[in-house]
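Just so we're aligned, residue 4 is where the sequence shown starts under my numbering, counting upward by one. Worksheet: the structure to be examined is printed underneath.
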Amino acid sequence: MDTILVIGGGIAGCTCAVEALRLSPSSNVTLVSPSPTLRTVEAIEHVTPLLGIVHVGDRSSDDFAAEHGVRMICDEVVALDHVRSQAQLASGGILTFSRCCVATGASPALVAQATPRYFGIRDTESVENLRERLVDAKRVLVVGNGGLALELVHFLASTQACQVVWAVRNSYIGNTFFDASASAFFVQHVSTETTCSRSEPSAKTGTPTGVSDEKSIPKASVGPDWLKTLATQAGTSEEDRNTTSQNPLLDIQFECELGGICERGEDSSDLYPVSATLTNGRRVECDFVVSATGVRPNTGIISSDFKRGPDGGLCVDEMMRVVRCGGGIEKEGDVENNIFAAGDCCCLERNEDHWFQIRLWRQARDMGLYAAKCITGSLDELSRGGVFELFVHATRFFGFKVALLGRFNGQGLGPSVQDLISNHELQEGPSGIGVKHGVTSTPECRHESIHIKRATSESIRILIRTTPGVEYVKVVLVGGRVRGAMLVGDTGLEETFENLILSETDISHIGDNLLTREVDIEDFFD
Ligand SMILES: Cc1cc2nc3c(=O)[nH]c(=O)nc-3n(C[C@H](O)[C@H](O)[C@H](O)COP(=O)(O)OP(=O)(O)OC[C@H]3O[C@@H](n4cnc5c(N)ncnc54)[C@H](O)[C@@H]3O)c2cc1C
């Protein structure tokens, strides 16, 4: 009998298993998860045809098996034998498969062995540990500058649960999603009274080293409510957390990383049980350190004969099959080409116009769906591009609605665009038309300003319209076409920009006036 084995009970694995069984009902689809609790996408609330808010939830493996007919095995795969097409389980069992999808996710990237006082946030257990540690914490060090660090620091700062030292590698906050100008819009909402310190380049003491936490069994990453768990602890509501904080207890240390960490032991007479050193030379005495410096894909079960990407993810080809080192794409009929990968564990180097990889729920779900089509041979021309048509991410930061579309930070558009994005200098927008800096015209555009960044090459533009505390709109234009957009606040522009990116409409004739209110871009596609 045709046996499809899916390894990993996170969003990618669950989606893949259900879809594979739907497409190939006569197959035996088996899902292996070390945890009896699975993480699934419950719904996508569409904002536009492609952009949507992803609702994620937990399911017991029994309920999941009963609802979908997928065979569940609660175990861990310790090794995958691609020659024999067998998976070895921690319990000693062996599973033989016809085709297999690796969806083992990723684990927090730590610079030293995880301990109860130095840990990353990934699964429910780590959130529980954080919750317990927060009860009597006086000072916490948060290291990292991605979405998770932003959420956590905003939460800690707005609840004033304890003093927070935040070490960020860049010269601005939120480098995964923001450039310096977007960061400036948000930084006031972290706290209006922060202590900010920037290191001199010479103060750096080098890259931290150490061993990472390889041994623990990876769990599915936490669901959307992980901060609510902490909120219960701190006695705050979602609304409270969405308000701008006035927190003198937040100290942001820019341009530095964690250099070293020394734990003193629970019975030490020192005021703080942990002493951490940052690469700018600053020593931070604290109760614990949360590392939010990104993730490392879980790929240990599969032979090093298979190629890893720059981030350690399993490289997959156009059909989501793992790729042999040096061998490129496997040929049809090869024994190895029955192993696929999806979700956070894999690295996609697809050459798409408007899509690129960031490890997110939506991408885990889309890859799971797509891998199922590839595994069951159900991929048609129509569904081939589909999920990789446009990068989309709908989320909230600091209480603001955020929509990210296409290459919103100029990702992959070449050094000229990247230079322009990281260039802090803004030029004032079009004069004589629209709303200019500091001019109040209508109530909704009070204090609105429009800025333009121009590259030496005239064809590259970054247009930014911002009203502090209300909205931030950034558009990346190359050759008169919109390549990406970041929309913060209730802009109502999501569908327009989705269409502009996908249709590749040449809007050179509008040029720098695109974001002025005289140009009704919402009417563009009427
Ligand atoms: C704290 C946090 C907050 C986040 N917030 C958001 C957010 O707001 N929005 C968003 O879009 N994304 C968010 N993400 C990212 C998102 O969670 C991930 O991109 C997504 O869940 C990845 O899904 P996955 O199925 O690939 O991996 P995971 O969810 O990591 O699942 C992997 C599964 O594989 C299992 N597994 C691992 N190894 C083995 C093995 N050897 N044998 C068997 N099973 C194994 C694990 O137990 C787990 O069940 C967040 C991530 C974190 C850590």
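Where is the CB? At the ideal position from N, CA and C, for every residue including glycine.
Leu26 sits in a helix when the DSSP states are folded into three classes.
The beta carbon of Gly108 sits closer than 6 Å to at least one heavy atom of ligand 1. With a contact defined as Cβ atoms closer than 8 Å, Thr107 and Gly11 qualify at about 5 Å. For the pair Ile7 and Asp308, the Cα-to-Cα distance works out to about 22 Å.
Distance from the CA atom of Ser88 to the CA atom of Thr99, rounded to whole angstroms, is 6 Å. The C-beta distance from Thr18 to Leu372 rounds to 6 Å, short enough to fall under 8 Å. Secondary structure note for Val420: its alpha helix (DSSP H) is the uninterrupted segment Pro418 to Ser425.
With a threshold of 16 other beta carbon atoms within 10 Å, Asp254 meets it and is buried. In the structure shown, Asp78 adopts coil according to DSSP, grouped into three states. With 16 or more other Cβ atoms from the protein chains shown falling within 10 Å of its own Cβ, Ala185 counts as buried.
Relative to ligand 1, even the nearest heavy atom lies 6 Å or more away from the CB of Asn354. Here the stretch 311-328 makes contact with the stretch 340-347; the two share three or more CB pairs at distances below 8 Å. Ala367 sits buried, since 16 or more C-beta atoms from the chains shown fall within 10 Å of its C-beta. Under the three-state reduction of DSSP output, Val130 falls in the helix class. Scanning Leu252, Ser278, Gln360 and Ala406 for the CA closest to the CA of Gly262 turns up Ser278. Judged by their CB atoms, Val326 and Val405 are not nearer to each other than the 7 Å cut-off.
The beta carbon of Pro37 sits closer than 6 Å to at least one heavy atom of ligand 1.
Between Ile378 and Leu423, the CB-CB gap reaches or exceeds 7 Å.
Residue environment analysis places Pro313 among the exposed positions, since fewer than 16 neighbouring C-beta atoms fall within 10 angstroms of its C-beta. Looking at the DSSP output, Ser278 shares a beta bridge with Cys265 and Glu288.
The stretch 77-86 and the stretch 293-307 touch, with no fewer than 3 CB-CB distances between them shorter than 8 Å. Between Asn31 and the set Ile14, Pro52, Val50 and Cys103, the nearest pair of CA atoms involves Cys103.
Of all alpha-carbon atoms in Ser36, Thr40, Phe291 and Asp5, the one lying nearest the alpha-carbon of Ala23 is that of Asp5. Phe403 sits in a strand when the DSSP states are folded into three classes. The shortest CA-to-CA distance from Gly413 to any of Val479, Thr470 and Leu393 is the one to Val479. At least one heavy atom of ligand 1 sits closer than 6 Å to the Cβ of Ala367.
For Trp169, the secondary structure class from DSSP, reduced to helix, strand or coil, is strand.
Across the structure, Ile467 and Ile453 are spaced so that their CA atoms are roughly 6 Å apart. Rounded to whole angstroms, the separation of the alpha carbons of Ile455 and Pro418 is 18 Å.
Here Ser506 is not near Gly482, since their CB atoms are 7 Å or more apart. Here Asn340 carries a helix assignment [DSSP, helix/strand/coil]. Cα atoms of Val156 and Gly96: separation of roughly 44 Å, rounded to the nearest angstrom.
In the structure shown, Met322 adopts coil according to DSSP, grouped into three states. Asp273 and Thr51 have their C-alpha atoms roughly 55 Å apart. Going by beta carbons, Val59 and Leu34 fall outside the 7 Å limit.
The alpha-carbon separation between Ala223 and Glu70 amounts to approximately 20 Å.
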